[in-house]
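S.K.:
In full-length UniProt numbering, the protein residues as written are 1 to 505.
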């Protein structure tokens with residue numbers, strides 16, 4: 001195999017912390033290389049070094065059999081290396097073509113946008129990306145925005161395209177289209193390196209796989225030489241166990257009840273239409289469906305972030321439609337892990353310790369006589385680090401420096417330790433690796449075992465089926481059916497998600 005990029009003995013240290021330890025990887029010409037591992041394993045740091053966003057403490061990067069030094073992404077682009085981040089770098093108010101040419105070198109004082117639009121259209125068609133150069137970014141789906149980022153890189157004639165968790169923001173249909181696109185890139189001689197935790201996607205398209213743990217490479221192999229279970233075991237450092245051990249403990253009274261709830265959206269349409277659900281103590285009710293079919297609105301209605309137009313919501317038998325968000329959480333014991341971790345669950349430039357206190361910062365033990373008790377806040381956070389296996393340097397570091405999985409562990413710790421009777425989680429495993437997913441699911445099952453009512457909202461059906469006692473399916477703001485996990489055949493779930501109704505009970 002001819003390597004386009006070779007990493008030789010790459011080590012990266014931040015103070016006393018070693019993020020990468022003597023990493024050696026070769027990224028072959030015209031091959032798709034998956035980089036896998038737990039959150040915090042060093043995958044993104046490694047890719048950032050290849051792209052010039054970060055520099056190694058020691059070791060070398062070779063491109064086309066020549067050692068190079070990259071101090072910025074500009075250097076990487078000159079060498080034919082492009083990167084698409086998990087959070088896209090696009091300006092919503094500009095068109096596709098304007099975003100693609102933004103920052104392009106050699107444009108002089110004038111810009112012939114029409115010429116660029118024509119070239120972009122040809123390039124897009126060549127790679128089967130079907131991007132409209134004149135479309136404004138804000139009008140595009142996440143899948144289409146990702147295509148724009150790919151065209152943007154190809155327009156700069158990159159030879160190696162790095163993608164960070166590329167399918168985490170895509171719908172199931174868009175994932176299939178994306179994977180087909182990787183094959184087209186490969187067929188045209190491009191190299192691809194992508195960070196992911198999704199085993200099925202890796203087995204479907206990758207030629208080579210590198211697994212990382214704790215900043216080191218544990219395995220690097222052609223995909224043909226490893227099985228899915230062997231890959232999972234390599235990531236986890238132990239045999240992969242799919243059985244979570246769901247209990248059959250008797251359920252108690254209904255703690256969460258949603259009766260005939262409707263919500264009108266900003267455009268006057270019904271985003272929730274006469275939804276009725278209930279969850280008992282010691283039960284996990286999963287809510288499944290294609291993204292954008294009322295799941296977010298349901299969570300907002302329960303948490304108090306959205307007003308309901310009809311119906312009522314009961315927490316432990318108490319109607320709460322006129323109760324504030326704060327009182328629902330504190331007085332009525334609602335624990336909530338939202339979908340938008342960065343937007344509504346943590347403050348990215350706050351410390352880990354302060355994020356741990358966000359929910360109840362004005363109450364004991366975090367506050368005394370109106371004065372925040374910083375020592376107590378740190379002590380509590382440090383106990384959670386131990387109890388919930390949160391991997392970090394210090395509780396004083398900003399939470400933005402933690403991996404997504406470790407951020408999620410802190411949010412779970414904060415909500416669980418508040419002592420909720422009702423627990424709602426939305427997309428809790430989005431973007432997480434196998435280890436973090438297993439931790440989330442074990443936490444949810446422990447809540448069930450403790451007699452809590454759990455509402456588990458997710459578009460990742462396999463995760464719902466792994467923990468739920470019943471599964472409600474939503475389509476266009478309505479519940480189309482409620483079934484048991486063992487009854488959830490692919491055909492039946494597909495029909496329910498498409499809007500074919502069954503009697504919901």
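Built from N, CA and C at the ideal position, the CB exists for glycine as well.
Rounded to whole angstroms, what's the CA-CA distance from residue 277 to residue 455? Just pull it up for me.
M.R.: 10 Å
S.K.: Tell me the residue span of the beta strand (DSSP E) that contains residue 194.
M.R.: 191-195
S.K.: If residue 56 and residue 11 are in contact, beta carbons under 8 Å, what's the gap, nearest whole angstrom?
M.R.: The Cβ separation is near 6 Å, so the contact holds.
S.K.: Given a cut-off of 8 Å, decide if residue 254 and residue 280 are closer than it, judged by their beta-carbon atoms.
M.R.: yes
S.K.: Just verifying my parser: in three-state terms, what is the DSSP assignment at residue 336?
M.R.: strand
S.K.: Determine the burial state of residue 71: buried for a count of at least 16 other Cβ atoms within 10 Å of its Cβ, exposed for fewer.
M.R.: exposed
S.K.: Do three or more CB pairs link the stretch 408-420 to the stretch 329-341 at distances below 8 Å?
M.R.: yes
S.K.: Where residue 378 and residue 303 are concerned, what is the direct C-alpha to C-alpha distance, given to the nearest angstrom?
M.R.: The C-alpha of residue 303 is placed about 28 Å away from the C-alpha of residue 378.
S.K.: Residues in the same chain with beta-carbon distance under 6 Å from residue 506, minus the five sequence neighbours each way, listed in chain order, please.
M.R.: Absent from the structure is residue 506, since the part of the chain shown begins at 1 and ends at 505.
S.K.: Which of the three DSSP states is assigned to residue 219 in this structure?
M.R.: strand
S.K.: In this structure, how does DSSP classify residue 43 when only helix, strand and coil are distinguished?
M.R.: helix
S.K.: Less than 8 Å between the beta carbons of residue 167 and residue 139, yes or no?
M.R.: no
S.K.: Taking only beta-carbon atoms, is residue 255 less than 8 Å away from chain C?
M.R.: Checking the listed chains, one finds no chain C in this structure; it contains a single protein chain.
S.K.: Report the residue ranges of all alpha helix (DSSP H) runs contained in full by the stretch 304-368; include only those spanning at least 4 residues, in chain order.
M.R.: 325-330, 352-357
S.K.: Residue 141 lies in the alpha helix (DSSP H); which residues open and close that run?
M.R.: DSSP places residue 141 in no alpha helix (DSSP H); its state is neither H nor E.
S.K.: Taking just the CA atoms, how far does residue 5 sit from residue 433?
M.R.: Looking at the two C-alpha atoms, the distance is approximately 26 Å.
S.K.: DSSP state of residue 178, grouped into three classes?
M.R.: helix
S.K.: Helix, strand or coil, according to DSSP, for residue 19 in the structure here?
M.R.: For residue 19, the secondary structure class from DSSP, reduced to helix, strand or coil, is strand.
S.K.: Counting only runs of 4+ residues fully inside the stretch 431-499, write out the alpha helix (DSSP H) ranges in chain order.
M.R.: Segments of the alpha helix (DSSP H) lying fully in the stretch 431-499: 434-449, 461-467, 490-497.
S.K.: Does the distance from the C-beta atom of residue 426 to that of residue 337 stay below 8 Å?
M.R.: yes
S.K.: Give the secondary structure of residue 59 by DSSP, where H, G and I count as helix, E and B as strand, and everything else as coil.
M.R.: strand
S.K.: With a Cβ-Cβ cutoff of 8 Å, do residue 258 and residue 209 count as a contact?
M.R.: no
S.K.: Leaving out five residues before and five after residue 75 in sequence, what residues of the same chain have Cβ atoms less than 8 Å from its Cβ?
M.R.: 52, 68, 69
S.K.: If contact is defined by three or more beta carbon pairs under 8 Å, each pair taking one atom from either stretch, is the stretch 78-95 in contact with the stretch 127-136?
M.R.: yes
S.K.: Distance, Cα to Cα, residue 243 vs residue 125?
M.R.: Bear in mind that the predicted position of residue 243 carries a pLDDT of just 48, short of 50, making it unreliable; the figure below should be weighed with that in mind. Roughly 45 Å separates the two Cα atoms.
S.K.: Along the beta strand (DSSP E) that carries residue 422, what are the first and last residues, could you check?
M.R.: Segment 422-426, the beta strand (DSSP E) holding residue 422.
S.K.: For the stretch 188-206 and the stretch 112-122, state whether three or more C-beta atom pairs, one from each stretch, are separated by less than 8 Å.
M.R.: no
S.K.: Taking a contact to mean a Cβ-Cβ separation below 8 Å, would you say residue 506 touches residue 317 in this structure?
M.R.: The question about residue 506 has no answer, for the chain in this structure spans 1 to 505.
S.K.: To the nearest angstrom, how far is it from the Cα of residue 310 to the Cα of residue 273?
M.R.: 9 Å
S.K.: Quick one: grab the DSSP three-state call for residue 286.
M.R.: Residue 286: strand per DSSP, three-state reduction.
S.K.: Hey, residue 230 and residue 263 are a contact pair by Cβ (cut 8 Å); roughly how many whole angstroms apart?
M.R.: Their Cβ separation, rounded to whole angstroms, is 47 Å, which puts residue 230 and residue 263 out of contact at 8 Å.
S.K.: Confirm, please, whether the CB-CB distance from residue 448 to residue 284 is below 8 Å.
M.R.: yes
S.K.: Can you confirm whether the stretch 392-408 touches the stretch 153-163 when touching is taken to mean that 3 or more C-beta pairs between the two stretches lie within less than 8 Å?
M.R.: no
S.K.: Start and end of the beta strand (DSSP E) containing residue 202?
M.R.: Element bounds for residue 202: not the beta strand (DSSP E) but the alpha helix (DSSP H), 199-205.
S.K.: Rounded to the nearest angstrom, what separates residue 493 and residue 483 at their Cα positions?
M.R.: 9 Å
S.K.: Hey, quick one: how far does the beta strand (DSSP E) through residue 5 stretch, first residue to last?
M.R.: 3-14
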